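Note sheet for the following structure.
Protein chains in written order, with the working numbering: chain A, 11 to 398; chain B, 11 to 398.
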């Protein structure tokens, strides 16, 4: 595991109860992603210092948390412990009409609406899922410094995205399943494809095959594994030779898990690390290929990959990057986002329409002075409009 | 398992030793496919009746056999028992120069060349793999009656293919891995895509997950299974609701194997039938989708699916057909071939250049009087040129 640990932000780092307002949720098939805003910087800071220079703007930070959907009670307990369910958004003159209502997206916003009402008295204001992903991605790409990067030869290369040259792009969100969305502008998008072979497949199949304890456990195992033990390579079929006529080297994977056909081995005789590696490579490569084919279809050169599957994992990003590069012959570019797992939750948060994305005529610059990324742990500093 | 049992032709049905000539092999990563020609019809038939009406043509039949590549000795024993290794192609005035040389394609033609030489004294005359698949497919589509069919609502609909409207088409060969070939004419083709998620993945992963004894065992299990036990459906995420805004019904698969993430179940607690079904659906659907995206890319309306993965299995064909129909919104059509598993072997056989494909100026008709399909067991009747 490499990269930033923005997903493992613990409650220890979270702000004091009194300073939290505005909570948004993305309740997916496997994970609940949460974004909330807090004015707390340091306990000793005078509240007046939290004001932005412009009137009616409140400076604060966006915090990110996740829970497993199957353990939704942990999420409810967290909201309850922070008293978010009875505090609404009444601080700093935010309109009171939203009290006891929180923005939520993902299928769980429908599935668990009654549960939130019953346990916490909270109504979920449902925000459409694809729209949330898109507005979350647009916000991150345009407003948060050092957000987007390519991954080449084990290196992150942060990219300064020119706002005038951002659209159109393909957004590939790898959650339990995968959605591929052609984004043409703010609020202008179309879900053009998807695949059921996604993060839930990696985690679900991985759990069955390796008895891993968690998604991170499975990712960590894959890092230690060697996929050539189980994958059938071109060289395995061709007696060690390349098949260059069709552009396949001897080390290219001809058939994922193909060696298990003829090995007289039970599942238990394979190292779980090798199984995890083959699985990760199969799924990452497949997503990269389908993404590329869709980008090609619409002439899109930029593909942004988001969703909780990636988790800043080096090998995942490397496989996706290589797949896009291989299939596109270098024409298309895979890009990643530091807050990849929170696109939907951020999009739901944006739906409060309080974030001052481009204040003070900053839209034409490639820098938003009122949104800052505090690199260490993924927390984002930003300004909210306190009242109209 | 439904459909014709052309793959399970046993030695009991095969012709007497003396009447066999011309053998071609396709040695893949998982299976060896064999085609051979025999003049034997019934034992009592006068040999002179085997002559076609045209001079120098010998009527006979093409027989089809398969072996597992990991049990290659069974293949060598068969060739040895039939004395094919020392009989060459000397019957009926076939040129003697090919004695002790047989046409072979697939990676195993390279990998096992020394083994054939050493054990049987046979040289393998290597025929390029993609070219073999294409010439095998072209032969079947153009020359064998009732070869190509669509599969809709559990029904095979045999299609009369107009030779003048055949090209271009996409050939998807699902072996251990998958090759996708754009075919523009006889000998005119390009491998445009492929995926490592193929038959070897189904069989290999299936073996690890279900302890199945064979590929057929795994297919049979999948027939008895229910994928909804393990797959996460749209309705599972959305609380039973459709997500119609993006065209997904509640029963669409959101994440293959996604339910295994939150089920607190070990692999052994799932029915192997359900696991096999989810796996088959995942792989068939994925291949159908990637095939469609490639067909779209080149404006191809016809997609022929071949390779041993399919095996006339109803659910496999149904899933592939539905995937192509779904993604193409009805624009593209999935077609299947009765001799699907033998494209490469047939192509290698065609490389002997003895099959009289279009004698007597029959090329412009959609019927070849000298090639007949004996529907019962997949044996194909055809004429070979005995000498020049």
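Where a beta carbon is used, it is the ideal one built from N, C-alpha and C, also for glycine.
It should be emphasised that the depicted structure is a prediction, and the values quoted were computed from it without experimental measurement.
DSSP-derived helix/strand/coil call for residue 344(A): Residue state, collapsed to three classes: strand.
Any C-beta of chain C within less than 8 Å: which residues of the region 301–313 of chain A qualify? No chain C appears in the structure shown, which is made up of the protein chains A and B.
What residues match up with residue 76(B) in a beta bridge as DSSP calls it? According to DSSP, which records beta bridges pairwise, residue 76(B) is partnered with 43(B).
Nonlocal neighbours in the same chain, by C-beta distance under 7 Å from residue 266(A), ignoring five residues either side: Non-local C-beta neighbours of residue 266(A) in its own chain, meaning closer than 7 Å and more than five positions away in sequence, comprise 241, 288, 292, ordered along the chain.
Reduced DSSP category for residue 201(B) - H, G, I as helix; E, B as strand; rest coil: Here residue 201(B) carries a strand assignment [DSSP, helix/strand/coil].
Quick test of your reading: residue 232(A) and residue 290(A), contact by CB under 8 Å. State the CB separation rounded to the nearest angstrom. About 4 Å separates the two Cβ atoms, so the contact holds.
Is residue 237(A) buried or exposed, if buried means 16 or more other CB atoms sit within 10 Å of its CB? Counting of Cβ neighbours within 10 angstroms places residue 237(A) among the buried residues, the total reaching 16 or more.
Extent of the continuous beta strand (DSSP E) to which residue 255(A) belongs: Counting along the chain, residue 255(A) falls outside any beta strand (DSSP E), and DSSP gives it neither H nor E.
Looking at the structure shown, is residue 392(A) part of a helix, part of a strand, or coil, going by DSSP? Here residue 392(A) sits in strand by DSSP.
Unbroken beta strand (DSSP E) run spanning residue 235(A), endpoints: Secondary structure note for residue 235(A): it is in no beta strand (DSSP E), with a DSSP letter that is neither H nor E.
Through-space distance from residue 314(B) to residue 134(B), alpha-carbon basis: Our two residues, residue 134(B) and residue 314(B), have alpha carbons roughly 29 Å apart in a direct line.
Would you please verify whether the beta carbon of residue 218(B) is less than 9 Å from any beta carbon of chain A? So yes, residue 218(B) belongs to the interface.
How do the region 222–232 of chain B and the region 84–94 of chain A stand: do at least 3 beta-carbon pairs fall below 8 Å, yes or no? They do not touch, by the three-pair rule.
When you compare the CB positions of residue 300(B) and residue 193(B), do they come within less than 9 Å of one another, or not? In this structure, residue 300(B) sits away from residue 193(B), with a CB-CB distance that is not shorter than 9 Å.
Using DSSP with H/G/I as helix, E/B as strand and the rest coil, what is residue 294(A)? In the three-state scheme derived from DSSP, where H, G and I count as helix and E and B as strand, residue 294(A) is classed as helix.
Compute the Euclidean distance between the alpha carbons of residue 20(B) and residue 74(B), then round it to the nearest angstrom. Reliability fails at residue 20(B), whose pLDDT of 36 lies under 50, so the model's placement of it is uncertain and the value that follows must be treated cautiously. Residue 20(B) and residue 74(B): Cα-Cα distance of roughly 9 Å.
Is the beta carbon of residue 317(B) less than 9 Å from the beta carbon of residue 247(A)? It is not a contact, given that the beta carbons lie outside the stated cut-off.
Quick one: which chain A residues come within Cβ less than 7 Å of residue 256(B)? Residues of chain A passing the Cβ test: 140, 201.
List, in order along the chain, the chain B residues whose C-beta lies closer than 9 Å to that of residue 277(A)? 217, 218, 219, 221, 277, listed in chain order.
Let me make sure I understand the geometry here. Which of 331(B), 279(B), 139(B), 392(B) has the alpha-carbon closest to that of residue 159(B)? Of 331(B), 279(B), 139(B), 392(B), the residue nearest in Cα terms is 331(B).
Going by C-alpha to C-alpha distance, which of 47(B), 348(B), 363(B) sits closest to residue 161(B)? Closest in alpha carbon position to residue 161(B), among 47(B), 348(B), 363(B), is 348(B).
Local conformation of residue 214(A) per DSSP, three classes: In the structure shown, residue 214(A) sits in a helix (DSSP, three-state: H, G or I).
Which of helix, strand or coil DSSP assigns to residue 246(B): Residue state for residue 246(B) is assigned as helix, using DSSP reduced to three classes.
Can you check whether the C-beta of residue 373(A) is within less than 9 Å of a C-beta belonging to chain B? Here the model assigns residue 373(A) a pLDDT of 40, short of 50, so the residue's position is not dependable, and the following value carries that caveat. Output row for residue 373(A): interface = no.
Answer yes if the region 137–153 of chain A comes into contact with the region 206–224 of chain A, meaning at least three C-beta pairs across the two stretches below 8 Å, and no otherwise. Fewer than three pairs of CB atoms, one per stretch, sit closer than 8 Å, so the region 206–224 of chain A makes no contact with the region 137–153 of chain A.
DSSP state of residue 5(B) mapped onto helix, strand, coil: This structure cannot settle anything about residue 5(B), because the visible part of chain B is limited to 11 through 398.
Is the CB of residue 78(A) under 9 Å away from at least one CB in chain B? Yes, because at least one Cβ of chain B sits closer than 9 Å to the Cβ of residue 78(A).
Give me the chain A residues within the contact set of residue 295(B), using Cβ-Cβ distance strictly less than 9 Å, ordered along the chain. Result: 205, 206, 207.
Using a Cβ cut-off of 9 Å (strictly closer), state whether residue 355(A) contacts chain B. No, because no Cβ of chain B sits closer than 9 Å to the Cβ of residue 355(A).
DSSP state of residue 137(A) mapped onto helix, strand, coil: Three-state DSSP puts residue 137(A) in coil, outside helix and strand.
Alpha carbon to alpha carbon, how far is residue 130(B) from residue 88(B)? Give it in angstroms, no decimals. If I take the Cα positions, the gap works out to 11 Å.
Can you give the Cα-Cα distance for residue 172(B) and residue 345(B), rounded to whole angstroms? So the alpha carbons of these two residues sit roughly 14 Å apart.
Thinking just about the alpha-carbon of each residue, which of 199(A), 271(A), 180(A), 235(A) is nearest to the one in residue 185(B)? Cα-wise, what sits closest to residue 185(B) is 271(A).
Can you find a CB in chain A that lies within less than 9 Å of the CB of residue 394(B)? For residue 394(B), the answer is no, since every Cβ of chain A falls outside 9 Å of its Cβ.
Buried or exposed by the 16-neighbour rule on C-beta atoms within 10 Å, applied to residue 294(B): It counts as buried.
For residue 181(B), which option in 76(B), 115(B), 273(B), 312(B) has the closest C-alpha, if you only look at C-alpha atoms? Nearest option by C-alpha distance: 312(B).
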